[in-house]
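Set out below in structure tokens:
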């Protein structure tokens with residue numbers, strides 16, 4: 271009996287040559303639900319220097335799917351649509367996750383994000399684990415932590431660790447200056 275020929279794609283390559291993960295994409299990508307997705311795309315580009323990879327909208331301008339590149343990472347987002355089972359932080363009043371962004375010059379990115387409209391929820395400062403670190407809240411209700419590694423002396427790290435432990439012992443969160451700033 272003759273052997274069946276393997277099917278080839280229109281390009282002539284073997285169908286198994288298609289990678290299950292697109293080239294250049296990580297295996298884990300956060301996908302945010304937002305209110306006003308197009309404005310969120312623009313904010314993330316302005317605040318964090320993200321590069322837009324894709325934008326698909328409905329005829330009335332709602333974001334079906336957006337894709338941004340932050341350095342070597344990708345973030346996807348869309349507006350919330352009825353029946354999706356998702357809600358934006360603006361709808362529920364909080365978010366359950368923080369997006370962490372490492373930067374080569376965290377002070378510059380921090381200033382850029384604040385100028386674009388992000389709210390400081392934990393000031394940017396050198397922390398006991400050896401990073402310059404702080405928290406922001408974006409206009410769409412998502413929490414961001416920004417940081418970069420910094421050189422610190424052991425004495426400075428020990429002092430900052432003791433300060434953080436003392437704050438936790440008082441029932442406070444280290445770095446939070448005001449009780450009306452949400453975590």
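In the numbering used here, the protein residues as written are 271 to 453.
Positions of the beta carbon are idealized from the N, C-alpha and C atoms, including for glycine.
Determine the burial state of residue 349: buried for a count of at least 16 other Cβ atoms within 10 Å of its Cβ, exposed for fewer.
Buried, since its Cβ has 16 or more Cβ neighbours within 10 Å.
Residue from 409, 351 and 343 with nearest C-alpha to residue 365:
For the set 409, 351 and 343, the Cα lying nearest the Cα of residue 365 is the one of 409.
Which whole-angstrom value describes the C-beta separation of residue 304 and residue 327, a residue pair presumed to lie in contact below a C-beta threshold of 8 angstroms?
Here residue 304 is actually not in contact with residue 327; their C-beta atoms are around 13 angstroms apart, not less than 8 angstroms.
Excluding the 5 residues preceding and the 5 following residue 377 in the sequence, name in chain order all residues of the same chain whose CB lies nearer than 8 angstroms to its CB.
Taken in chain order, the residues that qualify are 394 and 402.
Within its chain, find whatever has a CB closer than 8 angstroms to the CB of residue 357; leave out the 5 residues flanking it on each side and keep chain order.
Excluding residues up to 5 positions away in sequence, 303 and 350 lie with their Cβ nearer than 8 angstroms to the Cβ of residue 357 in the same chain.
List, from N- to C-terminal side, the beta strand (DSSP E) runs of 3 residues or more that fit wholly inside the stretch 327-384.
Qualifying beta strand (DSSP E) stretches, in chain order: 333-340, 343-349 and 368-372.
What do you reckon, are the CB atoms on residue 388 and residue 418 nearer than 8 angstroms?
Against a cut-off of 8 angstroms, the Cβ pair of residue 418 and residue 388 comes out as no contact.
Compute the distance between the beta-carbons of residue 444 and residue 369, then report whether it is under 8 angstroms.
One thing to note: residue 444 has its Cβ no nearer than 8 angstroms to the Cβ of residue 369.
Just to confirm my understanding: we take residue 325, look at its own chain, exclude 5 residues before and 5 after, and list those with CB closer than 6 angstroms. What are they?
For residue 325, where only same-chain residues beyond five positions count, the Cβ hits under 6 angstroms are 336.
Got a sec? Which residues, its chain only, sit under 8 angstroms from residue 386 by beta carbon, not counting five neighbours each side?
Cβ contact annotation for residue 386 (same chain, cutoff 8 angstroms, sequence separation greater than five): 313, 316 and 317, in chain order.
Do the CB positions of residue 422 and residue 400 come within less than 8 angstroms of each other?
Yes, the Cβ-Cβ distance between residue 422 and residue 400 is below 8 angstroms.
Roughly how many whole angstroms lie between the Cα atoms of residue 323 and residue 306?
Computed Cα separation, rounded: 18 angstroms.
Nearest-angstrom Cα separation, counted from residue 321 out to residue 451:
Only weak support is given to the placement of residue 451: the predicted model assigns it a pLDDT of 45, under 50, and the value that follows is read from those uncertain coordinates. Cα-Cα distance, rounded: 30 angstroms.
By DSSP's criteria, residue 325 is part of a beta bridge. Which residues make up the other side?
The partner list for residue 325 (beta bridge, DSSP) reads 336.
Going by other Cβ atoms of all chains shown within 10 Å of its Cβ, with 16 needed for buried, is residue 344 buried or exposed?
Its Cβ being crowded by 16 or more others within 10 Å, residue 344 is buried.
Please report the straight-line C-alpha distance between residue 420 and residue 298, rounded to a whole angstrom.
Using only the alpha carbons, I get a separation of about 27 angstroms.
Simplified DSSP state of residue 472, which is helix, strand or coil
A question about residue 472 goes unanswered here, because the residues of the chain that appear run from 271 up to 453.
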